[in-house]
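Visitor: My structure is below; once you've seen it, I'll send some questions.
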Amino acid sequence: MRLARMVLVALLLAGQFALPAHAAEPAGTWNPQAAPNAGVPVPPGNGSYYMYAPSVVQLTPTERMVYTCANRVSGQTWDHIGMNYGTRRADGTYAWGAVQFPLNPQAADTPFWASNHICDPEVVRGSFRYDDHTYAWAMFVLGYPDLGKYPNADPINVIGVAYADQPQGPWKLSRNALLDRSTDGPLSSWGVGQPSVTSIDGAGRVLVFYSGVGRVSRREIDLSDANNPKVGARVELPGDGLTPEPDGGVWLHNASFVYDPARDEFLMSRDTGASNPRVQTDTEINRIASSAIWSGTGTWSVVGRLNECQSGFKYNHNSGIVRNAYGMIADSSEIDVYFATEQPGGDYWAYRLSHAQAPLAFTSGAKPELVAQENGQLTVLGHTANRCEANVWSSTQAGPWTKFGASPAGRPVAARQPDGRVALFSRANDGSIWWNVQSAPNGGHPGWSQLAGSASAGDPVVGKTPDGRLVAVTRRNEAPGSRVYVNTQQAPNGAFASTWQDLGASPAGQPVIGTNQDGSLVLFARAAKEAGGQIWFNQQNGTSWTGWQVVESSPSFDGQPSVARQADGRLVLVARRWEGQLSVVYRSVQTATGFTPWTSLGASPANDAVLVEQAARRLAIFARAADGSIWWAQQQTDNGAFASWTSLAGNAGDDPVAQLRSDNRLDLVVRQPDGRIAHRIQTAPGATSFDDWQPIK
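Convert by adding 10 to the 1-based position in the sequence shown; the result is the number in this note's numbering.
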């Protein structure tokens, strides 16, 4: 058995790679809570079996198929393709049927190139014509020949394809390999393998990612006529931005890819970290603009890392991100990963599947938070994480940075109480919400306490009631969908209730809070793309809420909403969607009975827009472009139209944050790709110019 790995697919509809790309971001808040050996497929018995390299396809909202590299006979290291069908339980976990073996290297009809081992399955839907039959499914696998039966065969790993009409099979292996020495020239004795496949057009054209010479490479291949495949040029993927290995180098191999069309980016899970002779300790999640996949140049950013701190196992390897049949991420709001585990001293027989699921918050993580202290001074909050510990840091804009000590894993969210003390809120790896209140205004934070009964699928959001009581809002994934919960301080500056108020089924997106002129709150959230992508709202009415309603004429959006209150007291809502190759921001304004129809603000930078209230509540809007520069526009008159977008330059690693200073000038803060924090200050209240970028040291 060789070091085996499966990589996942991503759907790339024709032309989507031309969309403006997103700037690389630093480590984000993918903070998984692993559930080893719970709710995952298991081997056929208790003997010497292994199961790893999962390819997980979400067939329907309640059905999954997992394809693995597994052995059929206890104690034998003949790689077969394992297959398990799963159905979703009421608690959100999956019940799995017994493992089946649809591809067997020892079967009489197995071609020579796969007659010893068949591993690293990757399944994609499309239209593939082979031997006068059009198949709807293709499985890309690594194969190795039986040199006893075929002594003249090339003794290396190769990549080939099997075809089927249904995802469960039966599967028909192609007579010849697709990629081997004839396509890739000089190879090591290992060959090529670990395929990942992405559909380009939903039919026969695919991108194939694989390991071989150098870093992971990709080729465009047309299998519309699979008897005569058209194999494009090999493009090696970039390594810039990836976390170096313990020896200091970058090793891009054993990687799983999935495409996020909402952001026009690829997500990748890959093996990294210290290793034994077979596997490595960590699974790292990275992301990159899709244009970099085509060009072979660009910079990856780190989304998160899965290791023994989450799983309890020393080695966490051969991962696969859950995706749909065409290779898109199954849910763009979270990463759901299956992976193999092993303890020190184990061997192949120790390989068992585990599962980790956590929200994917692209604009959170180390993105800073701004909060005004009682004395009017702005404080910047940053967040860092090492292998098993997270920390919050704070700095006035003159510095220096002060470390709070060990903290929950999530990005801190801040709000000031009526007594002037700042309260911080953060989400732990297990989803619980913790808070930390200053001991005195402008003072230190003594320590974190858990909010009873809390659970959240993402970072909390915090608002205030008219009398100043803080309101914490969380979203939970509860079968069959998503629900929002709120908890309000029982008195101003006081403790939170022990139970959370259930606001019922909600859109899948992370909620944002708007505050009406009378102090009542409105929650907004975007539905998942597959559920329409509209913006919904829920209005506070005393101690109750009106229930979720769609914002009038809401189109399907790709970005998260942002909300602020303009000069006449009405809430203004903006959100972003792709229209062809353009990112376009739309606006809706609150009315007495709801919201106005959405109107376009025109082409905008590629990332989500952020609304900010200026002095006298003339609104400003900020967004980050593909090259990391920050662009902005502001209302030209009270309650009026926005001016054209203007560049503020910069080199932002994630979305900007901005807040009014005590002198009514805006302070714009970004985290740069190297982790440093920088800011620009408006030259005067309401001005169209800003001072130069300055580091916060």
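By construction, the Cβ of each residue, glycine as well, lies at the ideal position given by its N, Cα and C atoms.
(1) Please classify T698: is it buried, with 16 or more other beta-carbons within 10 angstroms of its beta-carbon, or exposed?
(2) Could you name the residues that DSSP lists as bridge partners for I691?
(3) Rounded to a whole number of angstroms, what is the C-alpha to C-alpha distance between G430 and G542?
(4) Between the Cα of N286 and the Cα atoms of A163, S227, Q353, G308, which residue gives the shortest distance?
(5) Between A518 and A538, which are expected to be in contact by the criterion C-beta below 8 Å, what is the C-beta distance as a whole number of angstroms?
(6) Does the Cβ of G454 lie closer than 7 Å to at least one heavy atom of the ligand ADP?
(7) Using alpha carbons as the reference points, say which of F547, S566, V134 lies closest to R333.
(8) Looking at the structure shown, is K539 part of a helix, part of a strand, or coil, going by DSSP?
(9) State the Cα-Cα distance for the pair L611 and Q644, rounded to the nearest angstrom.
(10) Please report the distance separating the alpha-carbon of A24 from that of F267.
(11) Span of the beta strand (DSSP E) holding T509?
(12) From T603 to Q549, what distance separates their C-alpha atoms?
(13) Please confirm if G158 has its CB atom under 8 Å from at least one CB of chain C.
(14) Quick test of your reading: W608 and S563, contact by CB under 8 Å. State the CB separation rounded to the nearest angstrom.
(15) With H, G and I counted as helix, E and B as strand and the rest as coil, what does DSSP make of I210?
(16) So what does E230 bridge to, in DSSP terms?
(17) Alpha carbon to alpha carbon, how far is A174 from A272? Give it in angstroms, no decimals.
(18) Please return the same chain residues whose Cβ sits closer than 6 Å to the Cβ of V223, not counting the five positions on each side in sequence.
(19) How many angstroms separate the CA atom of W106 from the CA atom of G259?
(20) Ordered along the chain, which non-local residues of its own chain (more than five positions away) have a Cβ less than 6 Å from that of W510?
(21) At the level of alpha carbons, what is the spacing between Q217 and R228?
(22) Per the DSSP calculation, W555 is bridged to which residue(s)?
(23) According to DSSP, is M16 part of a helix, a strand, or is it coil?
(24) Beta strand (DSSP E) containing S285: first to last residue?
(25) Which residue spans inside the region 171-199 form an unbroken alpha helix (DSSP H) run of at least 4?
(26) Measure the Cβ-Cβ separation of V381 and A424 and say whether it is below 8 Å.
(27) What are the complete beta strand (DSSP E) segments, minimum 3 residues, inside the region 73-141?
(28) Which class does R225 belong to by DSSP, given the choice of helix, strand or coil?
(29) Nearest CA to the CA of R185: which residue from L197, V171, D164?
(30) With a threshold of 8 Å on Cβ separation, who are the neighbours of Y596 within its own chain once the five nearest residues in sequence on each side are excluded?
(31) Span of the beta strand (DSSP E) holding E294?
(32) Kindly identify the DSSP beta-bridge partner or partners of H455.
(33) What are the uninterrupted segments assigned as beta strand (DSSP E) that are 3 or more residues long and contained completely in the region 315-358, given in chain order?
(34) Apply the 10 Å Cβ neighbour rule to S459 and answer buried if 16 or more other Cβ atoms are within range, or exposed otherwise.
(35) How big is the Cα-Cα spacing for F547 and T484?
(36) Throw me the rounded Cβ distance for the G214 and D194 pair, which I believe falls under 8 Å.
Guide: The structure says:
(1) Mapped onto the sequence shown, residue 698 falls at position 688. Answer is exposed; the Cβ neighbour count stays below 16.
(2) The residue you call residue 691 lines up with position 681 of the sequence shown. I691 is bridged to D677.
(3) Here residue 430 corresponds to residue number 420 of the sequence shown, with the count starting at 1. Here residue 542 corresponds to residue number 532 of the sequence shown, with the count starting at 1. About 42 Å.
(4) The count along the sequence shown starts at 1 and reaches residue 286 at position 276. Looking at the Cα atoms, Q353 is the closest of the given residues.
(5) As a position in the sequence shown, residue 518 is number 508, starting the count at 1. As a position in the sequence shown, residue 538 is number 528, starting the count at 1. Rounded, the Cβ-Cβ distance is 4 Å, consistent with contact.
(6) In the structure shown, the ligand ADP is absent, as is every other ligand, since no ligand is present at all.
(7) For the purposes of this step, residue 333 is identified with residue 323 of the sequence shown, where counting begins at 1. Out of F547, S566, V134, V134 has the C-alpha closest to the C-alpha of R333.
(8) Taking the first residue of the sequence shown as position 1, residue 539 is located at position 529. Here K539 sits in helix by DSSP.
(9) Taking the sequence shown and counting its residues from 1, one reaches residue 611 at position 601. Taking the sequence shown and counting its residues from 1, one reaches residue 644 at position 634. If you take the alpha carbons of L611 and Q644, they lie about 12 Å apart.
(10) By 1-based counting over the sequence shown, the position of residue 24 is 14. By 1-based counting over the sequence shown, the position of residue 267 is 257. With a pLDDT of only 24 at A24, under 50, the local geometry of the prediction cannot be trusted, and no value is derived from it.
(11) Indexing the sequence shown from 1 puts residue 509 at position 499. From DSSP, T509 is part of no beta strand (DSSP E); its letter is neither H nor E.
(12) Numbered from its first residue, the sequence shown carries residue 603 at position 593. Numbered from its first residue, the sequence shown carries residue 549 at position 539. The alpha-carbon atoms of T603 and Q549 are separated by roughly 11 Å.
(13) Among the chains of the structure shown, chain C does not appear; only one protein chain is present.
(14) As a position in the sequence shown, residue 608 is number 598, starting the count at 1. As a position in the sequence shown, residue 563 is number 553, starting the count at 1. Indeed, because the Cβ distance is near 6 Å, the residues count as touching under 8 Å.
(15) Mapped onto the sequence shown, residue 210 falls at position 200. Reduced to three states, the DSSP call for I210 is coil.
(16) Translated into positions along the sequence shown, residue 230 becomes position 220. According to DSSP, E230 bridges with L217.
(17) Residue 272 sits at position 262 when you count from the first residue of the sequence shown. Residue 174 sits at position 164 when you count from the first residue of the sequence shown. The alpha-carbon atoms of A272 and A174 are separated by roughly 30 Å.
(18) Reading the sequence shown from its first residue, position 213 is the one you call residue 223. Contacts found: none.
(19) Within the sequence shown, the letter at position 96 stands for residue 106. Within the sequence shown, the letter at position 249 stands for residue 259. Taking the straight line from one Cα to the other gives about 40 Å.
(20) Position 500 of the sequence shown holds residue 510. Taken in chain order, the residues that qualify are G463, Y495, N497.
(21) In the sequence shown, residue 217 corresponds to position 207, counting from 1. In the sequence shown, residue 228 corresponds to position 218, counting from 1. Per the sequence shown, residue 217 should be read as Leu rather than Gln. In a straight line, the C-alpha of L217 is about 6 Å away from that of R228.
(22) In the sequence shown, the residue the question calls residue 555 occupies position 545. In the DSSP output, where bridge partners are listed per residue, W555 has Q550.
(23) Within the sequence shown, the letter at position 6 stands for residue 16. Its pLDDT being 24, under 50, M16 is placed unreliably by the model, and the measurement read from it follows with that caveat. Reduced to three states, the DSSP call for M16 is coil.
(24) Against the sequence shown, residue 285 aligns to sequence position 275. Note, S285: beta strand (DSSP E), 275-285.
(25) 191-194
(26) One-based indexing of the sequence shown puts residue 381 at position 371. One-based indexing of the sequence shown puts residue 424 at position 414. Yes.
(27) 73-80, 90-98, 104-106, 110-113, 127-140
(28) As a position in the sequence shown, residue 225 is number 215, starting the count at 1. Looking at R225 - three-state DSSP - the assignment turns out to be coil, as it is neither helix nor strand.
(29) Within the sequence shown, residue 185 is the residue found at index 175, counting from 1. Residue V171 is the option with its Cα nearest to R185.
(30) Walking along the sequence shown from the start, residue 596 turns up at place 586. P565, F567, V584, A585, R586, R587, W608, T609, S610, L611, listed in sequence order.
(31) Start at 1 with the first residue of the sequence shown, and residue 294 comes out as number 284. Residues 290-299.
(32) Translated into positions along the sequence shown, residue 455 becomes position 445. DSSP lists no partner for H455.
(33) 325-331, 344-352
(34) As a position in the sequence shown, residue 459 is number 449, starting the count at 1. S459 is exposed by the Cβ-count criterion.
(35) If you number the sequence shown from 1, residue 547 lands on position 537. If you number the sequence shown from 1, residue 484 lands on position 474. Their backbone Cα atoms lie some 15 Å apart in a straight line.
(36) The residue labelled residue 214 in the question sits at position 204 within the sequence shown. The residue labelled residue 194 in the question sits at position 184 within the sequence shown. The Cβ separation is near 22 Å, so there is no contact.
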